[in-house]
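Enquirer: One structure coming up, written as structure tokens, with questions to follow.
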């Protein structure tokens, strides 16, 4: 039976999920996972404790409990359950207090709350990415932090959105289409923002598959057309000395962090 | 001087950042933070070690090093630096191995890599959120997992995108505008998807501020208009028994996880 896992927090539980997920992904097992956010009251904590204990009684296995609970009175209730606690927050906070010579001042919702001073930066960046997706306007290129370039369906949109959401970066993106192929060049708005340009490319066979699932048996999705577009665009990246990466085997997280790594751009953190 | 912090990984370093950020946010201090992802080779690891040691020599303080390094030979080099290691991955992996009776099989890029089987689900969800943002089409409402409703600038777009990106949920969103106010009702495509509807509302004074920064001194941004729209839309949420939350003091993470909590929707994890 798949081991049962609880992610519990008095906030969003996103930190508990990310952390627990990273730890569990080291194991070649399937887990049955349940997230319980906003456990902010004694009575809710007692209910969660009963749920953990019920799982133990039913399965005979102590469930794994990853938590990031800031309030001590809530944490104590979860501690007293039959779950196996993985309390990464407190495991690391105590030694840090000693090293820094400063007491922790736990404040609820500080990690993923709105108090975070760069929150507006982030919302602005998300709106920017939306409004400047897929070359729908060239008006704001001068205000972009970054402009992703590439053929249709190579990963520009998810990457721009991720960069804005996770790192507060104003990322526009601009596609090169079939009509551009005869005489591929950079529009003026991009030419004058050359240092912001970053290219994405993709294996033509994979591109063909992705396009097929959107527009089957079209010229657009044909392997021939995919090969042509990728070749032309890669040649242009080289000609114009635009840095680029291949997205074929990479997730949006990997694409986004590689771009930051290559360009040396500053990341905000949320 | 602000304590120096390194986030280091042989992958994206996103897990190290999220984890370290959660721990450090418990302290009322400013930190000087540097992220170094993709430390995949011995020579890169040696360079990072030198950087950590230089920081120690320059500041006289041992820098904090949060890392999530999967490869043992890379990890050993970082361990041997002058930094203070916060190795959350291994701190928790060893006791888990014991409990599960299974050895960890560390695989690089498993946490934020593309191998994750639900990756396509996620990209589909992101594309869905983009294509069904701001009521630009009603064609796909039957395929949505969730439809967010509310006045312009109450937080629908960032929330939809976050839900798609973080949890793989196909979230559309639909705005109610000035023209709708005289006779506010649900379009047919929404009526027949009633169980998917979720409302967002916002404090009219905050809405006024947000709209002012986009379209100063317009009717759209006037406090009077903001009050009217919020009142009408909240009345409709009540009349139609659509669950809703106030976004005024909440981050996108909080809004997204509250929605999942209230609706009991399943989350994918990436």
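Residue numbers (the numbering used here), protein chains in the order written: chain S, 1 to 270; chain C, 271 to 540. Virtual Cβ for every residue (Gly too), placed ideally from N, Cα, C. On a predicted model such as this, the values are computed, not experimentally measured, just so you know.
#1: Are residue 39 of chain S and residue 14 of chain S closer than 9 Å when you measure CB to CB?
#2: From this set, C:331, C:313, C:501 and C:397, which residue's C-alpha is nearest residue 454 of chain C's C-alpha?
#3: Below 8 Å, how does it come out for the segment 449-464 of chain C and the segment 189-196 of chain S: are there three or more Cβ pairs, yes or no?
#4: For residue 92 of chain S, return the contacting residues in chain C, with the cut-off set at a CB-CB distance below 7 Å.
#5: How do the segment 158-170 of chain S and the segment 123-131 of chain S stand: do at least 3 beta-carbon pairs fall below 8 Å, yes or no?
#6: Please name the residue or residues paired with residue 305 of chain C in a DSSP beta bridge.
#7: For residue 332 of chain C, I'd like the list of residues in its chain whose CB is within less than 8 Å of its CB, leaving aside the five on either flank, ordered along the chain.
#8: Quick check on residue 68 of chain S - is its C-beta less than 9 Å from some C-beta in chain C?
#9: Verify the CB distance criterion: does residue 289 of chain C have a CB-CB separation below 9 Å to chain S?
#10: Assess, as a yes-or-no matter, whether the segment 255-265 of chain S is touched by the segment 204-211 of chain S under the definition of 3 or more beta carbon pairs within less than 8 Å.
#11: With distance defined between alpha-carbon atoms, name the residue in S:26, S:6, S:23 and S:33 nearest to residue 50 of chain S.
#12: Which residues in chain S have a C-beta closer than 7 Å to the C-beta of residue 537 of chain C? List them in chain order.
#13: Quick test of the definition: if touching needs 3 or more C-beta pairs under 8 Å, does the segment 280-298 of chain C touch the segment 96-104 of chain S?
#14: List the residues of chain S whose Cβ lies closer than 7 Å to the Cβ of residue 369 of chain C, in chain order.
#15: So which residues on chain C does residue 102 of chain S lean against when the C-beta distance must stay under 9 Å?
#16: For residue 472 of chain C, tell me which candidate among C:350, C:487 and C:514 has the shortest Cα-Cα distance.
#17: Is it true that the CB of residue 338 of chain C sits closer than 9 Å to the CB of residue 374 of chain C?
#18: Could you give the first and the last residue of the continuous beta strand (DSSP E) run that contains residue 414 of chain C?
#19: Counting only runs that start and end within the segment 418-465 of chain C, where is the beta strand (DSSP E) found for 3 or more residues in a row?
#20: In three-state DSSP terms, what is residue 27 of chain S?
#21: How is residue 483 of chain C classed by DSSP in three states: helix, strand or coil?
Expert: Quick look at the numbers:
#1: Contact: no.
#2: For the options C:331, C:313, C:501 and C:397, the alpha carbon positioned closest to that of residue 454 of chain C is the one of C:501.
#3: The segment 189-196 of chain S and the segment 449-464 of chain C do not touch, with fewer than three beta-carbon pairs separated by less than 8 Å.
#4: Below the 7 Å Cβ cutoff, chain C contributes 293, 356 and 358 as neighbours of residue 92 of chain S, in chain order.
#5: Contact between the segment 158-170 of chain S and the segment 123-131 of chain S is present, because at least three Cβ pairs lie under 8 Å.
#6: Under DSSP, the beta-bridge partners assigned to residue 305 of chain C are C:277.
#7: Counting only residues of its own chain and dropping the five nearest sequence neighbours on each side, residue 332 of chain C has a CB closer than 8 Å to the CB of 326, 352, 353 and 354.
#8: So yes, residue 68 of chain S belongs to the interface.
#9: Yes, contact with chain S.
#10: With fewer than three CB-CB distances shorter than 8 Å, the segment 204-211 of chain S does not count as touching the segment 255-265 of chain S.
#11: Shortest Cα-Cα distance from residue 50 of chain S to any of S:26, S:6, S:23 and S:33 involves S:6.
#12: In chain order: 35.
#13: Result yes; three or more Cβ-Cβ pairs closer than 8 Å.
#14: Chain S residues near residue 369 of chain C: 84.
#15: Residues of chain C whose Cβ lies closer than 9 Å to the Cβ of residue 102 of chain S are, in chain order, 297, 298 and 299.
#16: If you compare the alpha carbons of C:350, C:487 and C:514 with that of residue 472 of chain C, the shortest gap goes to C:514.
#17: In this structure, residue 338 of chain C does not lie closer than 9 Å to residue 374 of chain C by Cβ.
#18: For residue 414 of chain C, there is no enclosing beta strand (DSSP E), as DSSP marks it with neither H nor E.
#19: Scanning the segment 418-465 of chain C from its first residue to its last, the whole beta strand (DSSP E) runs of 3-plus residues come out as 441-446.
#20: Note: residue 27 of chain S maps to coil in three-state DSSP.
#21: The three-state secondary structure of residue 483 of chain C, taken from DSSP, is helix.
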